[in-house]
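J.: Read the sequence shown against numbering that gives the first Met the number 0 and you will find it ends at 288, with the numbers running on by one and no gaps.
Even glycine gets a Cβ: it sits at the ideal position worked out from N, Cα and C.
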Amino acid sequence: MSDEPNPTNQPNPPPTLTQTLLTSLSTIVGPLPIPTISHSLLHDPTSHTSISTHLRLPSSGSGSDDLCRWLYDAFQSADPHLRLLVLRSLPVLSAVYLSRTAASNAGFEAVLLAIYAHEAESRAGQPETVSVPDINHSSLYHETRPGPNKNNNNMSTELNRAVVSPALDPCGTVRATRRARIVGVALELYYSRISSMPVFSKIEFCESCAVWPAHWELLQPTLWILAHCLFGPAADSDGLRAAAGRAVERLYERASHEVNPQAMLATRSLLRLVELGDGVAPPPPQVFT
Numbered sequence: 000m001s002d003e004p005n006p007t008n009q010p011n012p013p014p015t016l017t018q019t020l021l022t023s024l025s026t027i028v029g030p031l032p033i034p035t036i037s038h039s040l041l042h043d044p045t046s047h048t049s050i051s052t053h054l055r056l057p058s059s060g061s062g063s064d065d066l067c068r069w070l071y072d073a074f075q076s077a078d079p080h081l082r083l084l085v086l087r088s089l090p091v092l093s094a095v096y097l098s099r100t101a102a103s104n105a106g107f108e109a110v111l112l113a114i115y116a117h118e119a120e121s122r123a124g125q126p127e128t129v130s131v132p133d134i135n136h137s138s139l140y141h142e143t144r145p146g147p148n149k150n151n152n153n154m155s156t157e158l159n160r161a162v163v164s165p166a167l168d169p170c171g172t173v174r175a176t177r178r179a180r181i182v183g184v185a186l187e188l189y190y191s192r193i194s195s196m197p198v199f200s201k202i203e204f205c206e207s208c209a210v211w212p213a214h215w216e217l218l219q220p221t222l223w224i225l226a227h228c229l230f231g232p233a234a235d236s237d238g239l240r241a242a243a244g245r246a247v248e249r250l251y252e253r254a255s256h257e258v259n260p261q262a263m264l265a266t267r268s269l270l271r272l273v274e275l276g277d278g279v280a281p282p283p284p285q286v287f288t
């Protein structure tokens with residue numbers, strides 16, 4: 000008798016963490032497409048609709064919410080596609096979370112804190128900055144003669160450092176004064192992965208911006224995302240550009256009503272860019288008296 004093992008008698012290999020998480024997700028939101036692969040699931044609108052519907056339930060967001068536990072575990076996993084799957088649901092999660100003030104949101108906060116901690120660790124306590132030229136000096140394309148009291152250093156190479164996102168302090172709990180900042184960091188990560196996000200997730204973000212007056216502290220990452228939706232490579236897909244345009248219009252109307260100069264300037268600039276791109280002459284500036 001042969002001593003070679005029979006493949007049919009070998010035990011099945013243990014499921015990976017990704018497979019286990021995907022199986023548990025199907026028990027929470029219902030059947031998933033077959034084969035269930037984290038990469039293909041990212042662009043599946045049916046599963047996204049099921050997750051979004053669950054997140055909007057009045058009972059969602061509590062510490063015992065199974066979906067919030069799943070989102071937390073999925074983001075903590077090493078599978079990059081599962082992390083993208085969590086970020087895909089961020090527009091709905093953040094909108095529902097910010098619209099609730101008195102309800103228990105321990106489940107939502109656990110997911111947001113996991114994203115915040117991930118960003119804080121990746122930034123190593125440093126702020127995110129960009130280099131901008133100092134307009135007090137000539138550009139590289141202009142010849143200048145150094146004055147008698149100036150050295151020969153090329154002053155045009157001097158740059159100013161502008162802080163795009165401040166340094167992140169460790170945060171283990173969500174206080175009322177930190178809610179907007181924590182959500183803002185999550186939206187910054189969403190924007191950094193926006194090229195991987197499906198169109199329906201972006202449209203959901205635009206729709207939430209149009210109907211819910213979020214904190215002005217979220218204006219910067221919000222406008223980053225909306226600008227991508229207006230002018231990015233997928234802007235003409237499935238009404239994305241129209242949804243983003245409506246969101247910017249609502250933000251501009253709100254900024255004008257509340258007389259927020261910074262928000263008015265930023266949103267009006269986006270609207271003018273849209274008008275120029277459509278070949279429409281921009282209207283004269285409004286005068287508020």
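(1) For the ligand ZN, is there a heavy atom less than 7 Å away from the beta-carbon of residue 264?
(2) Between residue 99 and residue 196, what straight-line distance do the alpha-carbon atoms span, to the nearest angstrom?
(3) Which ranges does the alpha helix (DSSP H) cover as unbroken runs of at least 4 residues, wholly within the stretch 12–99, from first to last along the chain?
(4) Would a C-beta distance cut-off of 8 Å place residue 44 and residue 207 closer than the cut-off?
(5) If you check the beta carbons only, do residue 97 and residue 213 fall under 8 Å apart?
(6) Please identify the residue among 112, 183, 252 and 204 whose C-alpha is closest to the C-alpha of residue 171.
(7) What is the rounded straight-line gap between the Cα of residue 23 and the Cα of residue 86?
(8) Starting from residue 244, follow the alpha helix (DSSP H) in both directions and report where the run begins and ends.
(9) Helix, strand or coil, according to DSSP, for residue 172 in the structure here?
(10) Using DSSP's beta-bridge definition, name the partner residues of residue 127.
(11) Since residue 223 is in the alpha helix (DSSP H), which residue starts that stretch and which ends it?
T.: On the basis of the data shown:
(1) Ligands in the displayed structure: none, and consequently the ligand ZN is not present.
(2) In the sequence shown, residue 99 corresponds to position 100, counting from 1. In the sequence shown, residue 196 corresponds to position 197, counting from 1. The straight-line gap from Cα to Cα measures roughly 26 Å.
(3) If we require 4 residues or more, the alpha helix (DSSP H) runs fully inside the stretch 12–99 come out as 16–28, 37–41, 44–54, 65–75, 79–87 and 89–98.
(4) For this step, residue 44 is matched to residue 45 along the sequence shown. For this step, residue 207 is matched to residue 208 along the sequence shown. No. Outside cutoff.
(5) Along the sequence shown, read from residue 1 onward, the residue named residue 97 stands at position 98. Along the sequence shown, read from residue 1 onward, the residue named residue 213 stands at position 214. In this structure, residue 213 lies closer than 8 Å to residue 97 by Cβ.
(6) Working through the sequence shown from its first residue, we reach residue 171 at position 172. Checked all of 112, 183, 252 and 204; the closest Cα to residue 171 is 112.
(7) Along the sequence shown, read from residue 1 onward, the residue named residue 23 stands at position 24. Along the sequence shown, read from residue 1 onward, the residue named residue 86 stands at position 87. In a straight line, the C-alpha of residue 23 is about 18 Å away from that of residue 86.
(8) Here residue 244 refers to the residue found at position 245 of the sequence shown. Counting along the chain, residue 244 sits inside the alpha helix (DSSP H) bounded by residues 239–257.
(9) Your numbering for residue 172 matches position 173 in the sequence shown. Secondary structure of residue 172 (DSSP, three-state): coil.
(10) As a position in the sequence shown, residue 127 is number 128, starting the count at 1. Under the DSSP definition of a beta bridge, residue 127 partners with 164.
(11) Taking the first residue of the sequence shown as 1, we reach residue 223 at position 224. Residue 223 -> alpha helix (DSSP H) spans 218–230.
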